[in-house]
Amino acid sequence: MSIRIHKPGLLTTVQDLGRTGYGKYGVIVSGAMDCSAHRIANWIAGNDDSAAVLEITLSGFAAEFGQDHWIAITGGQMTPVIDGRDVPMWRPVFVRKGSRLVFKRPVSGCRAYLAVSGGLDVPVVMGSRSTYLRAGIGGFEGRALRAGDELPVGPAPLRNPHPFPGERESRQSKASTISGAAGEDGSFYAVSWAVPWSVIPAYSPNPEIRFVRGRQWDDFTLRSLQAFVESSYKVTPQSDRMGYRLAGPPLMLESPREYLSEAVALGTVQIPADGQPIVLMADRQTLGGYPKIAQVISVDLPVMAQAAPGEHVAFREVSPEEAESLYLRGERKLKRLEMMIRLKQKEGYHA
């Protein structure tokens, strides 16, 4: 069982939830940029949270399925099609052997996640299948995918539907209840239910990103602090999985200072000497010596991860208490969603 890559697009890598527990040795966490989309895709596909998926950046991706599979596509709206027919996202989709999946153009967001029932069966390196490109470890041979790559898939936990909708006249009435019914050649179908919109991160072209104050907040000039919360910052083309480099009003310290390097986290906002913010992302370093003006709150990290180059982000301060409340509320919603999906799986997606 495998997936064959025809076109890798701008950047496609294998990712899971990351390589945790090795930061003290200087090992980068990596993992999915949009962890919410990653987790939900795996749940829909019948996998555990930790299963490896494809993270597909922007457009140009094309792949062929070497076996019948249940799949899920989440994240940014990248206009996925299978054999010329639009494929709905955020719901279970059953694809037939030989079906070809193509991502045409991004509509919103810049990263999509493709989960396959059974997960991508690439080698585990230090407890993770995530790709870290700079070190060449994890994922598929430690690199971004190329045309011709064949990715193995693990044993599928979900049953395949029999017969496939549209294969028999007697199944036509059943197929009529299926959203995005099977293609003319019977290449795929999607079930009738989908993840509620209330659970999907609020992706938008120019998002508002909430933050709590960073450790060096008080070291910046009042004018800089006002600019940070009152202006918008453009996502530059230099942004990548390590960090989002933003362009806007420069943020300056009250007086020149040097800082000891200290641990940084996903969403830490550092300010280098030029005053332009850098939001640290999945492939961030383990330590940083630049002053830290802010920390993006957990619930807005998926939204930040979907901001595309050329878009603008605005920052809004919240209290640590509000950030914690939002996080707990979001986790409760996700837990309820997982329970609902697991119940659907027990009933059988084909039922």
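Sequential numbering from 1 applies to the sequence shown in full-length UniProt numbering. For glycine and all other residues, C-beta sits at the position ideal for the given N, C-alpha and C. Computed from a predicted model, the values in this text were never measured in an experiment.
My assumption, with CB atoms under 8 Å, is that residue i sits in contact with residue j. Please give the rounded CB distance.
{"i": "valine 279", "j": "methionine 304", "result": "6 Å"}
{"i": "leucine 287", "j": "isoleucine 271", "result": "Their Cβ separation, rounded to whole angstroms, is 16 Å, which puts leucine 287 and isoleucine 271 out of contact at 8 Å."}
{"i": "serine 108", "j": "tyrosine 233", "result": "That belief does not hold up - the Cβ atoms of serine 108 and tyrosine 233 are roughly 19 Å apart, past 8 Å."}
{"i": "cysteine 110", "j": "alanine 308", "result": "4 Å"}
{"i": "serine 117", "j": "proline 152", "result": "So it is not a contact: roughly 13 Å between Cβ atoms."}
{"i": "leucine 246", "j": "proline 277", "result": "5 Å"}
{"i": "threonine 212", "j": "proline 320", "result": "According to the sequence shown, residue 212 is valine rather than threonine. At roughly 5 Å, the Cβ-Cβ gap stays under 8 Å, so valine 212 and proline 320 are in contact."}
{"i": "isoleucine 5", "j": "glycine 148", "result": "7 Å"}
{"i": "methionine 78", "j": "arginine 241", "result": "Methionine 78 to arginine 241, Cβ: 17 Å. No contact."}
{"i": "leucine 101", "j": "alanine 62", "result": "7 Å"}
{"i": "aspartate 68", "j": "asparagine 160", "result": "5 Å"}
Is any heavy atom in the ligand NAD found nearer than 6 Å to the beta carbon of residue i?
{"i": "valine 53", "result": "Judged by which ligands are present, the structure shown has none, so any question about the ligand NAD falls away."}
Given a cut-off of 7 Å on the beta-carbon distance, is the pair residue i and residue j in contact?
{"i": "leucine 58", "j": "proline 106", "result": "yes"}
{"i": "aspartate 16", "j": "alanine 52", "result": "yes"}
{"i": "alanine 41", "j": "threonine 74", "result": "yes"}
{"i": "phenylalanine 103", "j": "proline 88", "result": "no"}
{"i": "lysine 97", "j": "valine 199", "result": "no"}
{"i": "isoleucine 209", "j": "aspartate 300", "result": "yes"}
{"i": "proline 8", "j": "arginine 146", "result": "yes"}
{"i": "tryptophan 90", "j": "alanine 194", "result": "yes"}
{"i": "proline 302", "j": "proline 201", "result": "yes"}
{"i": "alanine 144", "j": "leucine 11", "result": "yes"}
{"i": "arginine 19", "j": "serine 30", "result": "yes"}
{"i": "valine 296", "j": "glycine 267", "result": "yes"}
Name the DSSP bridge partner or partners of residue i?
{"i": "glycine 243", "result": "Leu280"}
{"i": "alanine 112", "result": "Ile56, Gly75"}
{"i": "glutamate 208", "result": "Ala314"}
{"i": "lysine 150", "result": "Per the sequence presented here, residue 150 reads as glutamate, with lysine not at that position. Paired residue(s): Arg4."}
{"i": "leucine 101", "result": "Ala63, Ile82"}
{"i": "glutamine 270", "result": "Ile278, Lys292"}
{"i": "leucine 120", "result": "Val153"}
{"i": "glutamate 254", "result": "DSSP lists no partner for glutamate 254."}
What beta strand (DSSP E) runs, 3 residues minimum, are completely inside the region 3-89? Complete beta strand (DSSP E) runs here, min 3: 11-15, 53-57, 61-65, 69-77, 80-82.
The region 211-229 contacting the region 121-132, beta-carbon criterion three pairs below 8 Å: Too few Cβ pairs lie closer than 8 Å, so no.
Taking the runs of the alpha helix (DSSP H) that are 4 residues or longer, which of them lie wholly in the region 282-340? Runs of alpha helix (DSSP H) with 4 or more residues, each lying fully within the region 282-340, are found at 301-305, listed in chain order.
Touch test, the region 22-35 against the region 284-298, Cβ-Cβ under 8 Å, three pairs minimum: Touching, yes.
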